[in-house]
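S.K.: This is the structure, below, for whatever I ask next.
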Amino acid sequence: MRLTPAESDRLQLYLATLLARERRARGVLLNVPEATALIAHAACEAARDGARLDEAAAAARRVLTTADVLPGVPHILDEIQVEATFDDGTKLIVITVPIPTTADPSTAPGAVLCAPAPSADYADPVDVTVTNTGDVPISVSSHFHFFEANRALAFDRRTAYGRRPALPVGSVLVFAPGTTHTVSLTPLGGDRIAIGFAGLVDGPLDTPGTRERALLRARADGYLDTGNPPPQEGHPT
Numbered sequence: 003m004r005l006t007p008a009e010s011d012r013l014q015l016y017l018a019t020l021l022a023r024e025r026r027a028r029g030v031l032l033n034v035p036e037a038t039a040l041i042a043h044a045a046c047e048a049a050r051d052g053a054r055l056d057e058a059a060a061a062a063r064r065v066l067t068t069a070d071v072l073p074g075v076p077h078i079l080d081e082i083q084v085e086a087t088f089d090d091g092t093k094l095i096v097i098t099v100p101i102p103t104t105a106d107p108s109t110a111p112g113a114v115l116c117a118p119a120p121s122a123d124y125a126d127p128v129d130v131t132v133t134n135t136g137d138v139p140i141s142v143s144s145h146f147h148f149f150e151a152n153r154a155l156a157f158d159r160r161t162a163y164g165r166r167p168a169l170p171v172g173s174v175l176v177f178a179p180g181t182t183h184t185v186s187l188t189p190l191g192g193d194r195i196a197i198g199f200a201g202l203v204d205g206p207l208d209t210p211g212t213r214e215r216a217l218l219r220a221r222a223d224g225y226l227d228t229g230n231p232p233p234q235e236g237h238p239t
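The sequence shown runs 3 to 239 under this note's numbering.
The structure is reproduced here in structure tokens:
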């Protein structure tokens with residue numbers, strides 16, 4: 003079966019849409035490419051079902067809300083263009099404001115914001131004892147969410163949650179194999195949203211239940227944790 007370039011593009015869009023749907027179903031907030039795929043696919047399917055141009059664009063705007071995407075995505079994604087097959091041929095659908103929002107523009111990306119105070123649980127610096135159980139050096143930069151540091155580092159991850167190394171910007175901690183160090187950790191500032199890193203949080207740090215879910219995920223993924231050691235064989239979890 004030979005596909006035209008346009009047909010190949012539509013299949014790639016469909017695969018991206020499936021991935022975005024799976025992540026959304028798991029409760030993951032969508033990024034720009036994932037949101038774009040879902041909205042564009044909805045517009046194409048509405049056109050294929052017989053909708054008019056304006057109806058397809060309107061259907062696409064109903065797919066996602068600000069609650070479905072990462073902070074800032076609605077402001078970045080201000081327009082989507084996609085070619086779709088209608089009953090009377092192929093047309094370009096231009097979807098303006100694909101994710102409707104009533105947010106204050108003063109809080110959009112680029113606005114000057116005052117950093118909120120950390121949760122009371124993270125108000126002061128803390129020290130944790132860290133052991134590199136691996137056989138290679140491990141580096142952790144100054145603004146890395148220390149809770150999500152390399153799984154071969156053994157330390158109290160509950161205590162480290164929501165914190166970074168108390169180092170100047172751009173500095174790096176290096177843990178040689180088999181060594182143990184005491185590390186001072188300070189609360190992450192700003193909006194306290196951890197995106198990326200090891201993927202254990204990927205969202206707001208202080209939402210109720212987020213820390214416990216992240217601890218369970220870390221344990222399941224084999225991250226060493228002296229504050230939450232794995233159960234011994236023959237003992238209940």
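By construction, the Cβ of each residue, glycine as well, lies at the ideal position given by its N, Cα and C atoms.
CB-CB under 6 angstroms to Tyr163, same chain, minus the five flanking residues each way: which ones, in chain order?
M.R.: Reading the sequence shown from its first residue, position 161 is the one you call residue 163. Cβ within range, chain order: Phe149 and Arg213.
S.K.: Pro189 by DSSP, collapsed to three states: which one?
M.R.: If you number the sequence shown from 1, residue 189 lands on position 187. DSSP places Pro189 in strand when its eight states are reduced to three.
S.K.: Would DSSP call Arg165 helix, strand or coil?
M.R.: Here residue 165 refers to the residue found at position 163 when the sequence shown is read from its first residue. Of the three classes helix, strand and coil, the one that applies to Arg165 here is strand, per DSSP.
S.K.: Taking one C-beta from the stretch 41-58 and one from the stretch 83-101 each time, how about it: are there three or more such pairs within less than 8 angstroms?
M.R.: The answer is yes - the stretch 83-101 touches the stretch 41-58, with three or more Cβ pairs under 8 angstroms.
S.K.: With 16 as the cutoff for other CB atoms within 10 Å, does Val171 come out buried or exposed?
M.R.: Locating residue 171 in the sequence shown gives position 169, where the first residue counts as 1. Result: exposed.
S.K.: Please state whether DSSP places Pro179 in a helix, a strand or coil.
M.R.: Position 177 of the sequence shown, counted from the first residue, corresponds to residue 179. The answer is coil: DSSP assigns Pro179 none of H, G, I, E or B.
S.K.: In chain order, what residues of the same chain lie with their CB nearer than 6 angstroms to the CB of Asp227, ignoring the 5 residues before and after it?
M.R.: Here residue 227 refers to the residue found at position 225 of the sequence shown. Cβ within range, chain order: Arg159.
S.K.: Measure from the alpha carbon of Tyr225 to the alpha carbon of each residue in Gly136, Ala69, Asp11 and Ala61, then state which is nearest.
M.R.: For the purposes of this step, residue 225 is identified with residue 223 of the sequence shown, where counting begins at 1. Of the candidates Gly136, Ala69, Asp11 and Ala61, the one whose C-alpha sits nearest the C-alpha of Tyr225 is Gly136.
S.K.: How about Ser186 and Asp129: do their beta carbons lie closer than 7 angstroms?
M.R.: Here residue 186 refers to the residue found at position 184 when the sequence shown is read from its first residue. Here residue 129 refers to the residue found at position 127 when the sequence shown is read from its first residue. Yes.
S.K.: Distance, Cα to Cα, Ala222 vs Ala154?
M.R.: Translated into the one-based positions of the sequence shown, residue 222 becomes position 220. Translated into the one-based positions of the sequence shown, residue 154 becomes position 152. Approximately 14 angstroms between the Cα atoms of the pair.
S.K.: Per the DSSP calculation, Gln14 is bridged to which residue(s)?
M.R.: Residue mapping note: residue 14 aligns to position 12 of the sequence shown, counting from 1. According to DSSP, which records beta bridges pairwise, Gln14 is partnered with nothing at all.
S.K.: Quick one: measure Cβ to Cβ for Val84 and Ala45, integer angstroms, because I've assumed they're closer than 8 angstroms.
M.R.: Translated into positions along the sequence shown, residue 84 becomes position 82. Translated into positions along the sequence shown, residue 45 becomes position 43. With a Cβ gap of about 6 angstroms, Val84 and Ala45 count as contacting.
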